[in-house]
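So the structure is just underneath, and the comments pick up after that.
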């Protein structure tokens, strides 16, 4: 299975669809070709030190290699972003997170909740309150 290696590929996927779960964030975008799906991994320093990030990366790589061949679509790029819970989430739950994220991304738009509803990712955010009397 091919990997995303260049920054421009990751940025292109970031402009596509996204879905967040407790264990990971999945970004995807359709390419112009019909080749096999490709994937990339990102785990930021917020998650932990190098050892923690590498362990999280290994888990995400194993998830992608086990499920993308059957759930991924030809002509798509996927980016898995590690979260703090990636390393400590039970393996079955991490697989379920990935499965639900990819199913949501490929769900037809008519089956998704309308924009701005509480279940959608475009729901309006609550306005921040002033901190200690200062405006945000």
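Residue numbers (the numbering used here): 18 to 153.
Think of the CB as a built atom: it goes at the ideal place given N, C-alpha and C, for glycine as much as any other residue.
Pull the bridge partners of residue 36 from the DSSP assignment, please.
43
Threshold first: 4 residues or longer. Then list the alpha helix (DSSP H) segments lying entirely within the region 20–99, N to C.
24–31, 67–88
Beta-carbon separation of residue 104 and residue 42 under 9 angstroms?
no
Less than 7 angstroms between C-beta atoms, sequence neighbours within five positions excluded: which residues of the same chain meet that for residue 33?
44, 45, 46
Could you give the DSSP three-state label for residue 116: helix, strand or coil?
helix
Can you tell which of 126, 124, 119 has the C-alpha that lies nearest to the C-alpha of residue 56?
119
Is residue 106 buried or exposed, if buried means 16 or more other CB atoms sit within 10 Å of its CB?
buried
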